[in-house]
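So the sequence shown is residues 0 to 125, counted in numbering that gives the first Met the number 0.
Glycine included, each C-beta is placed from N, C-alpha and C at the ideal position.
One structure is given here, and the rest of the page talks about it.
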Amino acid sequence: MNLWLWIGLGGFIGALLRFLLSGIMQSKANVFPLGTLGVNFIGSFFMGFIMYSSEFGGLFSEEARVFLTMGLLGSFTTMSAFSYETFKLLEQNELLLVSINVIGTVLLTIFSIYLGKIAAVSLWKV
């Protein structure tokens, strides 16, 4: 199958997973966009794991890697939802929540990439 079909199929699945998982997480929160933060954290972990497993362990073929990273994770995590939700908090003068969301998202997703790397490196004993 062409790479673009793998990406499209992954995107379809990632969008559905995002809808389901972020909805479940958001139902536990009131104002704070926990669903978006949660899927960005989870998606970043898997991005780190997949990319470093590909680099160190040769675990994924090119088709599998683009299906998972560009397709599935590309639609599972998104900056547009993060940006919109942050802007809405800003409009509501929720400056503390804006700060928590921006700092939390940036730091947690970078940390999550690191955790994914550690998991992959541990698995492949590099």
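The beta carbons of Phe59 and Leu67 sit closer together than 8 Å.
Thr77 sits in coil when the DSSP states are folded into three classes, being neither helix nor strand. In chain order, Leu36, Asn39, Phe40 and Ser43 place their CB closer than 8 Å to the CB of Leu107, counting only its own chain and leaving out the 5 sequence neighbours on each side.
In this chain, the alpha helix (DSSP H) harbouring Ser21 covers Leu2 to Gln25.
The C-beta of Trp5 has 16 or more other C-beta atoms within 10 Å across all chains shown, which makes the residue buried. The shortest C-alpha to C-alpha distance from Ser121 to any of Leu2, Gly47 and Phe18 is the one to Gly47. Contact between Ser52 and Trp123 is confirmed by a C-beta separation of about 7 Å, below the 8 Å threshold. Arg17 places its beta carbon less than 8 Å from that of Ser74. In the three-state reduction of the DSSP assignment, Ser82 falls in the helix class, which pools H, G and I.
Within the same chain, Ser43, Phe44, Met46 and Gly47 come within 8 Å of Ile112 by CB-CB distance, once the 5 residues on both sides are set aside. For Gly7, same chain residues with a beta-carbon under 7 Å away, outside a window of 5 residues either side, are Gly70 in chain order.
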